[in-house]
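Inspection log for the structure reproduced underneath, given as structure tokens.
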Amino acid sequence: DAKTTQPNSMESNEEEPVHLPCNHSTISGTDYIHWYRQLPSQGPEYVIHGLTSNVNNRMASLAIAEDRKSSTLILHRATLRDAAVYYCILPDYGGATNKLIFGTGTLLAVQP
Amino acid sequence: EAQVTQNPRYLITVTGKKLTVTCSQNMNHEYMSWYRQDPGLGLRQIYYSMNVEVTDKGDVPEGYKVSRKEKRNFPLILESPSPNQTSLYFCASSLSGIVYDTQYFGPGTRLTVL
């Protein structure tokens, strides 16, 4: 199984940028890097995904290293609502579908 | 509103009493799956379905059954629940089963088996 490594927890202040790192040294050439987050008492929700180049959407930016062995999720201005567990995920190709292997993620705390 | 719904949200039951957790999506998605979430273990896939009448085992299928008679519904059945099935369960759906499809998750069902 493709695996990712993330810090267990991080802290940020409100309205400051947050950089959430992820290492995925065993990534293969066709693996998309997915990020989901899980707010307290809710199901996971999609944040962003990318393959090689950096990606932006209304929620966040994803910076992917040139060798693709690491990536960083960037929240440009953290809000209290961004406090959540953030999962960096590579798909598992054990079957024919996009099974996502969720690890334990990074718990982001946002201080006012 | 596009969503995945699960019922019930909370359930306390006793060992051996059959139960069903329902999951429904209104996005005409072909792919649906069930996960369980336990402290320190992340989310683990139980079963998935690529389309109507097509289901397959995930990583932890023991003790669970599923069915997919309609595209929108994917119930999770515990024929004889045991305490080790106490967990937080999530249903998810996506347009297809390909790797870059976004998965949409339900709000979760917290199950306690005494």
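Chains as they are written, first to last, in this note's numbering: chain A, 216 to 327; chain B, 116 to 229. A virtual CB, placed ideally from N, CA and C, is assigned to each residue, including glycine. Nothing here was measured: the structure is a model prediction, and the numbers come from that model.
Excluding the 5 residues preceding and the 5 following residue i in the sequence, name in chain order all residues of the same chain whose CB lies nearer than 7 Å to its CB.
i: residue 120 (chain B); result: 139 and 221
i: residue 301 (chain A); result: 235, 250, 252, 288, 320, 321 and 323
i: residue 172 (chain B); result: 162
i: residue 174 (chain B); result: 159 and 160
i: residue 176 (chain B); result: 161 and 162
i: residue 187 (chain B); result: 139, 140 and 141
Here's a check: name, in chain order, each residue in its chain whose Cβ is nearer than 6 Å to the Cβ of residue i, leaving out the five neighbours to either side.
i: residue 125 (chain B); result: 225
i: residue 223 (chain B); result: 203 and 205
i: residue 184 (chain A); result: Because residue 184 (chain A) is not part of the residues shown, which for chain A are 216 to 327, the question remains open.
i: residue 122 (chain B); result: 137
i: residue 220 (chain A); result: 238
i: residue 224 (chain A); result: 322
For residue i versus residue j, is the C-beta spacing smaller than 9 Å?
i: residue 157 (chain B); j: residue 265 (chain A); result: no
i: residue 131 (chain B); j: residue 182 (chain B); result: no
i: residue 192 (chain B); j: residue 179 (chain B); result: yes
i: residue 259 (chain A); j: residue 218 (chain B); result: yes
i: residue 229 (chain B); j: residue 135 (chain B); result: no
i: residue 184 (chain B); j: residue 167 (chain B); result: yes
Could you round the C-beta distance between residue i and residue j to whole angstroms and report it? I think they count as a contact, below 8 Å.
i: residue 285 (chain A); j: residue 239 (chain A); result: 7 Å
i: residue 326 (chain A); j: residue 226 (chain A); result: 7 Å
i: residue 150 (chain B); j: residue 247 (chain A); result: Not really, about 19 Å apart at Cβ, beyond 8 Å.
State yes or no: is the beta carbon of residue i nearer than 9 Å to at least one beta carbon in chain E?
i: residue 302 (chain A); result: Given the protein chain composition of this structure (A and B), no chain E is represented.
Closer than 8 Å by C-beta to residue i: which residues in its own chain qualify, once you throw out the five before and the five after it? Chain order, please.
i: residue 294 (chain A); result: 229, 230 and 325
i: residue 218 (chain A); result: 239, 241, 305, 316 and 318
i: residue 275 (chain A); result: 250, 262, 263, 288, 289, 290 and 291
i: residue 190 (chain B); result: 135, 136, 137, 138, 181 and 182
- Would you list, in sequence order, the uninterrupted beta strand (DSSP E) runs of no fewer than 3 residues that lie entirely inside the segment 250–295 of chain A? 260–265, 276–279 and 285–290
### Task
Examine the Cβ distances between the segment 145–152 of chain B and the segment 205–216 of chain B and report whether three or more of them are shorter than 8 Å.
yes
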